[in-house]
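First comes the structure, then the notes that go with it.
Protein chains in written order, with my numbering: chain S, 1 to 195; chain X, 196 to 638; chain C, 639 to 977.
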């Protein structure tokens with residue numbers, strides 16, 4: 001099984017047979033601290049330049065909203081946040097069953113000449129981010145595009161790296177990294193599931 | 196029977212009409228002895244071919260009053276020879292060939308041509324049906340007496356495929372053929388009510404968005420024609436009844452004493468309009484497949500004699516006329532090689548008809564309606580040996596490509612059907628043996 | 639009754655069990671392999687198409703580049719045996735906005751008994767590698783026949799007097815925009831139901847989505863067998879309009895008069911035309927629809943067609959979006975099912 005044929009973020013962590021090992025990598029408090037840190041890093045790097053956050057559905061959107069909230073608190077300025085569905089830009093559409101599209105919403109001011117930070121929960125093969133970069137190009141021309149992820153689990157298949165990483169987790173290809181967020185899962189946690 | 200006039204054939208163990216098994220001895224094309232007498236006579240004879248028919252049913256050779264052989268004109272779909280082969284394999288010893296050929300069989304010349312083609316094929320007796328009107332256009336009568344007086348001795352006249360819809364013309368036709376004991380076989384279809392019609396008008400046509408062929412368009416003509424036949428004292432034969440209402444009309448006319456006979460096709464005994472759901476034109480036929488209630492009424496009417504006979508309406512069509520849009524497809528289905536099996540499945544197995552009944556509806560009565568001597572006769576001494584051997588226990592799967600017809604448009608493709616024709620005898624000569632054409636039989 | 643009609647309307651090519659036609663595996667996730675009838679969609683897949691259309695509109699809105707790369711390298715053939723510029727353009731735009739290569743194959747006049755047969759055309763398209771064939775044909779069932787002869791996906795763009803499923807989808811999409819969920823809504827469909835593929839598809843789709851459909855027409859323009867449809871029937875438009883959430887006017891072709899379906903256009907309009915008086919019988923939120931092209935003055939007056947609550951122009955715009963959704967969903971996962 002290679003990352004390219006596997007969903008980078010498996011939503012159902014019970015897949016696979018046999019006993020599995022579950023380890024909590026980040027707790028609720030860890031996640032909160034991590035988001036605070038990334039918010040500071042984004043502000044530090046941006047300086048006075050305006051920043052817009054675009055979350056990649058589903059959990060990237062929740063993370064983007066939390067980050068925007070923290071950035072607004074730390075900077076005293078509202079931080080525009082939107083979502084960017086990458087499904088229509090994926091390179092594996094012919095190989096996968098049809099899937100429902102997720103929300104795309106670009107903040108009212110658009111993206112032109114802004115620093116745009118893409119936000120996702122897990123960085124894995126890099127294919128989702130490639131699709132997001134393609135999608136972004138059709139929506140406008142940001143002055144810079146950056147990437148923030150909660151977890152980088154390695155196994156990149158494309159020359160893509162994150163600008164802000166919550167935690168690097170060394171994984172095997174058939175491991176599963178499950179990100180749980182209150183908005184969708186009722187609790188905050190990051191777990192490593194080893195088949 | 197080494198009398199020098201030919202070989203004798205002894206069929207042993209077969210059950211005439213599915214009743215008591217009895218040996219049957221055939222000599223010189225005629226049934227020479229039946230039962231113990233046949234067994235004894237065969238022992239005395241020196242040159243006897245013995246056919247072990249243990250467990251088989253022996254019936255008089257089947258007679259089809261409604262066959263389309265397509266020759267002349269559409270030899271790519273069927274020829275008299277290939278149609279005759281299909282008929283023999285289906286257990287038939289005589290078929291009546293419909294006149295909707297090109298040119299139309301509306302003159303003595305064309306009917307004699309068809310007769311000769313049938314004689315050349317030597318597989319079944321081919322009796323031409325003459326067109327009622329010139330070119331089957333429904334405008335003026337064809338030379339019916341000339342056809343009757345020709346070598347083809349035409350007695351059945353039909354514009355099949357089209358209805359003789361003009362009531363006055365129909366009256367004249369009914370009257371005119373009385374002079375030579377002819378019969379008009381009417382394709383009952385009111386043309387105005389069926390303009391553009393594609394299938395039975397009902398729930399399925401409404402859903403599929405196809406123009407409906409209402410039952411009333413058949414019934415209105417049948418009612419009218421029965422009244423006309425009654426009025427002029429003529430014989431009327433109604434082709435391919437397809438509706439419960441038609442059955443009621445025929446029953447009422449018969450009760451009144453009208454000289455009317457009626458036929459039903461095997462496909463109308465088995466299939467319904469639900470077959471159209473895939474838009475496969477192999478199920479397009481005229482009159483159309485109808486509903487379960489109609490199928491039930493037709494079976495019952497065949498069992499109780501309201502419907503006199505089964506006729507195939509064997510209608511071969513070249514693949515390009517079926518592998519197309521439903522609207523563009525030609526109506527019609529193959530029938531000769533599957534008719535007996537479908538009748539067994541729909542009538543014998545459910546207990547509606549016994550084998551004697553099968554002999555009546557598929558051999559004796561069609562021959563009588565068509566005025567055909569030498570066919571549909573009892574299995575008795577002195578009768579022509581037009582016979583068919585049927586394996587009642589066999590089951591077979593229909594494959595259009597394997598049928599003898601030049602075309603493959605069977606609506607029963609892939610279906611497993613009961614009963615198989617094993618042997619067919621035309622005046623004592625075997626046309627079919629072991630379920631296959633006898634090699635060189637038509638050479 | 640509803641379940642019966644469902645069973646008989648799901649296209650044979652999408653899994654009829656009789657085995658009469660070549661049965662191909664369905665696409666995953668319940669999406670049918672082809673879109674031949676609105677009956678091919680259940681509530682779940684119909685909603686998936688409508689939701690996908692919403693998302694597509696979202697993804698396209700306010701952008702510089704009104705094009706998505708989703709179907710890059712795929713070929714969509716518009717096989718039109720009937721003139722229908724509006725439908726062809728709508729499908730063409732939908733395919734192009736998804737970056738598919740589009741070939742317009744106009745076979746008008748060659749449908750029946752002259753020119754190349756439908757089967758030969760199908761084999762030609764197959765040889766050219768068409769991933770999807772959008773078929774418009776004057777014969778009911780022609781797209782279904784086609785689906786047995788090509789390996790690509792087939793979309794029925796209107797066949798004879800049978801169905802026009804993408805029209806029903808765009809109508810449902812438009813209705814949902816204005817009315818929210820369709821369950822329990824009363825939709826009145828008025829006009830030549832007998833010959834209308836739009837009516838057949840809408841009855842199936844709207845009832846699948848839980849709406850209550852009422853057909854209103856003179857009895858001559860209702861098919862025998864309409865009683866088996868999941869819809870109620872009325873001959874009285876005034877009575878039907880009360881309590882209706884939407885009214886969908888069907889095009890009435892003037893040539894129907896020669897078939898004696900009704901005596902005069904004037905009498906038809908008087909009984910079944912939508913004018914300002916009747917429009918006023920709809921509640922305030924009531925929606926007026928027409929699949930086009932309209933016979934202004936016949937089934938609908940200009941004042942109503944262009945007036946409040948008319949969504950006729952919006953229907954056209956939504957057509958492109960809904961057809962994008964259909965093409966996207968049918969062409970996803972194609973390699974998986976063909977593997």
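Built from N, CA and C at the ideal position, the CB exists for glycine as well.
Every value quoted in this text rests on a predicted model; they were computed, and no experiment measured them.
Check for me: the beta strand (DSSP E) holding residue i runs from which residue to which?
i, result
"residue 998 of chain C", "No answer is possible for residue 998 of chain C: it lies beyond the span of chain C, which begins at 639 and ends at 977."
"residue 840 of chain C", "Not the beta strand (DSSP E): residue 840 of chain C falls in the alpha helix (DSSP H), residues 835 to 846."
"residue 244 of chain X", "243 to 247"
"residue 203 of chain X", "203 to 207"
"residue 82 of chain S", "81 to 83"
"residue 631 of chain C", "Nothing about residue 631 of chain C can be reported from this structure: the residues present for chain C run from 639 to 977 only."
"residue 457 of chain X", "455 to 459"
So which of the options has the shortest CA-CA distance to residue i?
i, options, result
"residue 803 of chain C", "C:854, C:923, C:828 and C:834", "C:834"
"residue 276 of chain X", "X:260, X:309 and X:295", "X:309"
"residue 837 of chain C", "C:945, C:851 and C:680", "C:851"
"residue 710 of chain C", "C:824, C:960, C:737 and C:965", "C:737"
"residue 214 of chain X", "X:550, X:283, X:443 and X:560", "X:550"
"residue 868 of chain C", "C:875, C:880, C:848 and C:879", "C:848"
"residue 299 of chain X", "X:282, X:444, X:284 and X:323", "X:323"
"residue 387 of chain X", "X:271, X:375 and X:358", "X:358"
"residue 884 of chain C", "C:811, C:676, C:785 and C:707", "C:811"
"residue 930 of chain C", "C:873, C:788, C:898 and C:950", "C:950"
"residue 272 of chain X", "X:604, X:537 and X:203", "X:604"
"residue 726 of chain C", "C:755, C:754, C:774 and C:862", "C:774"
"residue 532 of chain X", "X:507, X:544 and X:522", "X:507"
"residue 139 of chain S", "C:845, C:698, C:818 and C:791", "C:698"
"residue 980 of chain C", "S:160, S:68, S:88 and S:38", "Nothing in the structure corresponds to residue 980 of chain C, since chain C is present only between 639 and 977."
"residue 603 of chain C", "C:971, C:953, C:969 and C:853", "Given a span of 639 to 977 for chain C in the structure shown, any question on residue 603 of chain C remains unanswerable."
"residue 385 of chain X", "X:370, X:365, X:402 and X:377", "X:365"
"residue 393 of chain X", "C:669, C:933 and C:777", "C:777"
"residue 535 of chain X", "X:238, X:244, X:254 and X:247", "X:254"
"residue 265 of chain X", "X:291, X:287 and X:372", "X:291"
"residue 312 of chain X", "X:448, X:501, X:267 and X:356", "X:267"
"residue 1003 of chain C", "C:859, C:902, C:701 and C:825", "In the structure displayed, chain C extends from 639 to 977; residue 1003 of chain C sits before or after that span and is not available."
"residue 222 of chain X", "X:595, X:588 and X:576", "X:576"
"residue 629 of chain X", "X:461, X:610, X:622 and X:589", "X:589"
Whole-angstrom Cβ separation of residue i and residue j, contact assumed at under 8 angstroms?
i, j, result
"residue 505 of chain X", "residue 556 of chain X", "5 angstroms"
"residue 34 of chain S", "residue 150 of chain S", "7 angstroms"
"residue 170 of chain X", "residue 584 of chain X", "Given that chain X is displayed from residue 196 to residue 638, the structure contains no residue 170 of chain X and the question cannot be resolved."
"residue 132 of chain S", "residue 86 of chain S", "5 angstroms"
"residue 118 of chain S", "residue 93 of chain S", "Not really, about 20 angstroms apart at Cβ, beyond 8 angstroms."
"residue 152 of chain S", "residue 114 of chain S", "The Cβ separation is near 25 angstroms, so there is no contact."
Residue i lies in the alpha helix (DSSP H); which residues open and close that run?
i, result
"residue 398 of chain X", "398 to 403"
"residue 214 of chain X", "Counting along the chain, residue 214 of chain X falls outside any alpha helix (DSSP H), and DSSP gives it neither H nor E."
Within the present structure, is the beta-carbon of residue i separated from the nearest heavy atom of the ligand SAM by less than 8 angstroms?
i, result
"residue 226 of chain X", "No copy of the ligand SAM occurs in the structure displayed, which carries no ligand at all."
Return no unless some Cβ of chain A is closer than 9 angstroms to the Cβ of residue i.
i, result
"residue 579 of chain X", "Among the protein chains in the structure shown, which are S, X and C, there is no chain A."
| query | the segment 394 to 407 of chain X: which residues have C-beta closer than 9 angstroms to a C-beta of chain C, in chain order? | reply | 396, 397, 398, 399, 400, 401, 402, 403, 404, 405, 406 and 407
| If you measure beta-carbon to beta-carbon, which residues of the segment 80 to 91 of chain S are closer than 7 angstroms to chain C? | 85, 88 and 89
| query | What residues in the segment 90 to 119 of chain S have a beta carbon less than 8 angstroms from any beta carbon of chain C? | reply | 93, 94, 95, 96, 97, 98, 99, 100, 101, 102, 103, 104, 105, 106 and 110
| query | Of the residues that make up the segment 767 to 795 of chain C, which ones have a beta carbon closer than 8 angstroms to any beta carbon in chain X? | reply | 775, 776, 777, 778, 779, 780, 782 and 783
| query | Can you list, in chain order, the stretches of the alpha helix (DSSP H) that have 4 or more residues and sit fully within the segment 912 to 942 of chain C? | reply | Within the segment 912 to 942 of chain C, the complete alpha helix (DSSP H) runs of at least 4 residues are 914 to 917.
| Which ranges does the alpha helix (DSSP H) cover as unbroken runs of at least 4 residues, wholly within the segment 551 to 600 of chain X, from first to last along the chain? | 560 to 564
| beta strand (DSSP E) segments (min. 3 residues) lying fully within the segment 301 to 356 of chain X | List check, beta strand (DSSP E) in window: 320 to 323.
| field | Residues of the segment 136 to 151 of chain S with Cβ closer than 9 angstroms to any Cβ of chain C, in chain order | value | Flagged, chain order: 137, 138, 139, 140 and 141.
| message | Beta carbons nearer than 9 angstroms to chain X: which residues of the segment 866 to 895 of chain C have them? | response | 866 and 867
| query | Quick one, which residues of the segment 840 to 858 of chain C are near chain X if we go by CB-CB under 7 angstroms, in chain order? | reply | Residues of the segment 840 to 858 of chain C that bring their beta carbon within less than 7 angstroms of a beta carbon in chain X are absent altogether.
| request: Give the residues from the segment 813 to 830 of chain C that approach chain S closer than 9 angstroms (Cβ to any Cβ), ordered along the chain. | output: none
| Can you give, in chain order, each stretch of the beta strand (DSSP E) that sits fully within the segment 718 to 769 of chain C and has at least 3 residues? | 739 to 744
| request: Scan the segment 514 to 533 of chain X for residues whose Cβ lies nearer than 8 angstroms to a Cβ of chain C and list them as they occur along the chain. | output: 515, 518, 519, 520, 521, 522 and 523
| In chain order, what residues of the segment 462 to 486 of chain X put their CB closer than 9 angstroms to some CB of chain C? | 469, 470, 471, 472, 473, 474, 475, 476, 477 and 478
| What residue ranges within the segment 57 to 115 of chain S form continuous beta strand (DSSP E) runs of no fewer than 3 residues, ordered along the chain? | 81 to 83
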